[in-house]
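K.L.:
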Amino acid sequence: MWTSGRRLIGGACVSAIVIVAGSLVVSFSGGLLRSVQSGGLEAHAATTPPLPPGVSPELYALAVARGGPPTQELAALGEKLFRDKRLSVDDSVACATCHDPAQGFTDHRPGATSAGVGGQRGQRNAPTVLNAMFHTSQFWDGRAATLEDQAKLPILNPIEMGQSSPDVVVAKVRGLSDYTAAFQSAFGRAATYDDIAAAIAAFERTQYSGNSPFDRFLAGDATAISDQAKRGWALFQGKGRCSSCHAFNSVSPLFSDQKFHNIGIAAHKQNFTELARKALAVLKTGDIQQIDELALQTQYSELGRFLVTKSPADIGAFKSETLRNIGITGPYMHDGSLTTLWDVMDHYNKGGVPNPFLDGGMERLGLSESEIDDMVAWMFTLTDTRYADFNALEQARQTSLKNNRPQRDTEIAEGRKGHFGDLAPNPDVRNPATIGVY
Ligand code: HEC
Ligand code: HEC
Numbered sequence: 111m112w113t114s115g116r117r118l119i120g121g122a123c124v125s126a127i128v129i130v131a132g133s134l135v136v137s138f139s140g141g142l143l144r145s146v147q148s149g150g151l152e153a154h155a156a157t158t159p160p161l162p163p164g165v166s167p168e169l170y171a172l173a174v175a176r177g178g179p180p181t182q183e184l185a186a187l188g189e190k191l192f193r194d195k196r197l198s199v200d201d202s203v204a205c206a207t208c209h210d211p212a213q214g215f216t217d218h219r220p221g222a223t224s225a226g227v228g229g230q231r232g233q234r235n236a237p238t239v240l241n242a243m244f245h246t247s248q249f250w251d252g253r254a255a256t257l258e259d260q261a262k263l264p265i266l267n268p269i270e271m272g273q274s275s276p277d278v279v280v281a282k283v284r285g286l287s288d289y290t291a292a293f294q295s296a297f298g299r300a301a302t303y304d305d306i307a308a309a310i311a312a313f314e315r316t317q318y319s320g321n322s323p324f325d326r327f328l329a330g331d332a333t334a335i336s337d338q339a340k341r342g343w344a345l346f347q348g349k350g351r352c353s354s355c356h357a358f359n360s361v362s363p364l365f366s367d368q369k370f371h372n373i374g375i376a377a378h379k380q381n382f383t384e385l386a387r388k389a390l391a392v393l394k395t396g397d398i399q400q401i402d403e404l405a406l407q408t409q410y411s412e413l414g415r416f417l418v419t420k421s422p423a424d425i426g427a428f429k430s431e432t433l434r435n436i437g438i439t440g441p442y443m444h445d446g447s448l449t450t451l452w453d454v455m456d457h458y459n460k461g462g463v464p465n466p467f468l469d470g471g472m473e474r475l476g477l478s479e480s481e482i483d484d485m486v487a488w489m490f491t492l493t494d495t496r497y498a499d500f501n502a503l504e505q506a507r508q509t510s511l512k513n514n515r516p517q518r519d520t521e522i523a524e525g526r527k528g529h530f531g532d533l534a535p536n537p538d539v540r541n542p543a544t545i546g547v548y
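According to the working numbering, the sequence shown is numbered sequentially starting from 111.
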């Protein structure tokens, strides 16, 4: 792909010329996006929105590469499906039940995992759909490659929307008269399972999110975030070591390297090492199908990415989630086990939870209480301005819980206990050469 675009962070409009997979796409400030097939035979136009600061034109071009931005008509059909409880077996659960658009597209179950039909609980916490269009894979373990593949799964999952087969879903949707015209118009036929997934994915491809106070700060507004948050940003990149996994750059401003790491969340479960031992024993037999069966048994969910790759190095590894909108998408981690961003900081400050597969990027940090406060303040600046009110409520709620700190272990974080080796030295500004990493 070749692209000549304007800078990412900054003005509200985007101009870019992008060549994606043989078609030339020209977009100009907030206007029309034209896509001309390389054969020159077919041309179509769809409206592309002006991208807010913090949304990368390069990632956007990749995310909508197949045929350009979704038409409004298709996205509206997708949104209706996304919010429609009739997609579930007993008309009780919609995608929006667990990914509530008004609440940052998550379900905010305190300390718990999401609930589907009949109130059944899965093993995992619902991540936000905001910016999911930019992920190279979907789910905490990356087991779905595209939004289309992803959308087909919860509808059929027995503890989510509970439908028994794609045919049953298609028959039900075809029987809902308020959908007949929309599917005919968008796809030129009665609904198929692929069409349902395509429409939902089209809606999700309109859920890009930027324009946070932090984006406005990077764009040059020094007053957009507090001094405390600015210190937090410096710690994020420095002493906190966060950016090694929550990678951030102008082309990929997601705060995620899109990779999978064991940071020790799964190791909270007492039998984690025993689970790993059993899974490795099965792997040695070469019976891959049996591993897939293990994946379906709830407790093995903690093995994470391993269940997808069957690589022992991936035991207990999960996706470095985007930190965009993190203030409004609690509780945190794949199992929703951390209630506040202070809990998250306590987890990292002590170097995670030791286990045989812990990522090498996890080390105790020795952050002081005020440095932790700085980093939490910064994370609350990553929320899209459309959710500013909800963000303020969440910040107040989490602040009220600040003195309840089950994950805190200052002795380990500061190196008076445990076996985490020496802390990285604080930078010596007078003589940088003594630490060699400036
Ligand atoms: C019962 C609650 C529930 C329902 C209903 C539900 N989801 Fe989810 N969703 C989850 C959970 C939990 C995960 C994480 C599962 C995992 O990683 O294994 C998830 C993950 C996702 C992801 C991946 C995001 C990421 O960051 O990787 C997307 C996208 C998504 N859901 C969209 C949908 C759509 C579309 C529907 C409706 C067709 C839907 N969900 C229905 C709970 C739900
Ligand atoms: C070694 C890689 C790595 C490092 C270093 C790292 N993270 Fe993470 N982060 C992850 C992974 C992987 C997850 C998801 C883990 C899980 O759910 O099991 C995650 C999850 C999170 C979450 C919760 C996301 C959500 O949607 O629930 C927050 C917040 C977070 N990290 C912040 C930070 C901060 C702040 C730092 C630095 C102090 C940091 N991370 C350092 C890899 C890392």
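All C-beta atoms in this analysis are idealised placements derived from N, C-alpha and C, irrespective of residue type, glycine included.
1) Figure out for me which residue from 373, 328, 306 has the closest Cα to the Cα of residue 277.
2) Excluding the five sequence neighbours on either side, which residues of its own chain have a C-beta within less than 6 Å of the C-beta of residue 152, listed in chain order?
3) In the DSSP assignment, what residue or residues form a beta bridge with residue 216?
4) With a 10 Å radius around its C-beta and 16 neighbouring C-beta atoms as the bar for buried, classify residue 319 as buried or exposed.
5) Compute the Euclidean distance between the alpha carbons of residue 416 and residue 429, then round it to the nearest angstrom.
6) Ligand 2 heavy atoms versus the CB of residue 439: any closer than 7 Å?
7) Counting Cβ pairs, one atom from each stretch, are 3 or more of them under 8 Å apart for the segment 264-283 and the segment 421-428?
8) Does the beta-carbon of residue 451, which I'm using as the reference point, lie nearer than 7 Å to any heavy atom of ligand 4?
9) According to DSSP, simplified to helix, strand and coil, what is residue 505?
10) Going by DSSP in three states, residue 303 sits in which element: helix, strand or coil?
11) Quick test of the definition: if touching needs 3 or more C-beta pairs under 8 Å, does the segment 418-425 touch the segment 227-234?
12) Would the beta-carbon of residue 356 be found less than 7 Å away from any heavy atom of ligand 2?
13) Kindly say whether residue 415, judged by its beta-carbon, lies nearer than 8 Å to any beta-carbon of chain C.
14) Answer yes if the segment 440-449 comes into contact with the segment 352-368, meaning at least three C-beta pairs across the two stretches below 8 Å, and no otherwise.
15) Would you mind working out which of 199, 194, 182 sits nearest residue 206, comparing C-alpha positions?
16) Looking only at its chain, what residues have a beta carbon closer than 7 Å to the beta carbon of residue 296, apart from the 5 residues adjacent to it on each side?
17) Hey, is residue 443 close to ligand 1, as in C-beta under 7 Å from one of its heavy atoms?
18) Measure the C-alpha to C-alpha separation of residue 219 and residue 516 and round it to an integer number of angstroms.
19) If you draw a straight line from the alpha carbon of residue 511 to that of residue 450, how long is it in whole angstroms?
20) Below 8 Å between beta carbons: does that hold for residue 169 and residue 322?
21) For the alpha helix (DSSP H) that contains residue 241, what are its first and last residues?
22) Identify whether residue 446 lies in helix, strand or coil by the three-state DSSP scheme.
P.N.:
Taking the coordinates as given:
1) For the purposes of this step, residue 277 is identified with residue 167 of the sequence shown, where counting begins at 1. The residue with the shortest Cα to Cα distance from residue 277 is 306.
2) The count along the sequence shown starts at 1 and reaches residue 152 at position 42. Low confidence applies here, because residue 152 scores a pLDDT of 32, under 50, leaving its location unreliable; read the following figure in that light. Cβ neighbours of residue 152 beyond the five flanking positions: none.
3) Walking along the sequence shown from the start, residue 216 turns up at place 106. Residue 216 pairs with 210.
4) Walking along the sequence shown from the start, residue 319 turns up at place 209. It counts as buried.
5) As a position in the sequence shown, residue 416 is number 306, starting the count at 1. As a position in the sequence shown, residue 429 is number 319, starting the count at 1. Distance between the alpha carbons of residue 416 and residue 429: 12 Å.
6) Residue numbering aside, residue 439 sits at position 329 when the sequence shown is read from its first letter. Yes, the beta carbon of residue 439 sits closer than 7 Å to at least one heavy atom of ligand 2.
7) no
8) Because ligand 4 does not appear in the structure shown, any question about it cannot be addressed here, the ligands present being ligand 1 and ligand 2.
9) To locate residue 505, count along the sequence shown from 1; it is residue 395. In the structure shown, residue 505 sits in a helix (DSSP, three-state: H, G or I).
10) On the sequence shown, position 193 is the one that residue 303 refers to. For residue 303, the three-state secondary structure derived from DSSP is helix.
11) no
12) Here the question's residue 356 lines up with position 246 in the sequence shown. Correct: residue 356 has its Cβ closer than 7 Å to ligand 2.
13) Among the chains of the structure shown, chain C does not appear; only one protein chain is present.
14) no
15) What you label residue 206 is simply residue 96 of the sequence shown in a count that begins at 1. Of the candidates 199, 194, 182, the one whose C-alpha sits nearest the C-alpha of residue 206 is 194.
16) Within the sequence shown, residue 296 is the residue found at index 186, counting from 1. Counting only Cβ-Cβ distances below 7 Å, and skipping sequence neighbours, we find 183, 184, 187, 309.
17) Numbered from 1 along the sequence shown, position 333 holds the residue referred to as residue 443. Not one heavy atom of ligand 1 lies closer than 7 Å to the C-beta of residue 443.
18) In the sequence shown, the residue the question calls residue 219 occupies position 109. In the sequence shown, the residue the question calls residue 516 occupies position 406. In this structure, the straight-line span from the alpha carbon of residue 219 to that of residue 516 is close to 18 Å.
19) Here residue 511 corresponds to residue number 401 of the sequence shown, with the count starting at 1. Here residue 450 corresponds to residue number 340 of the sequence shown, with the count starting at 1. Rounded to the nearest angstrom, the two C-alpha atoms are 8 Å apart.
20) On the sequence shown, position 59 is the one that residue 169 refers to. On the sequence shown, position 212 is the one that residue 322 refers to. Result no, Cβ atoms of residue 169 and residue 322 do not sit closer than 8 Å.
21) The residue labelled residue 241 in the question sits at position 131 within the sequence shown. Counting along the chain, residue 241 falls outside any alpha helix (DSSP H), and DSSP gives it neither H nor E.
22) Your numbering for residue 446 matches position 336 in the sequence shown. In this structure, residue 446 counts as coil in the three-state DSSP scheme.
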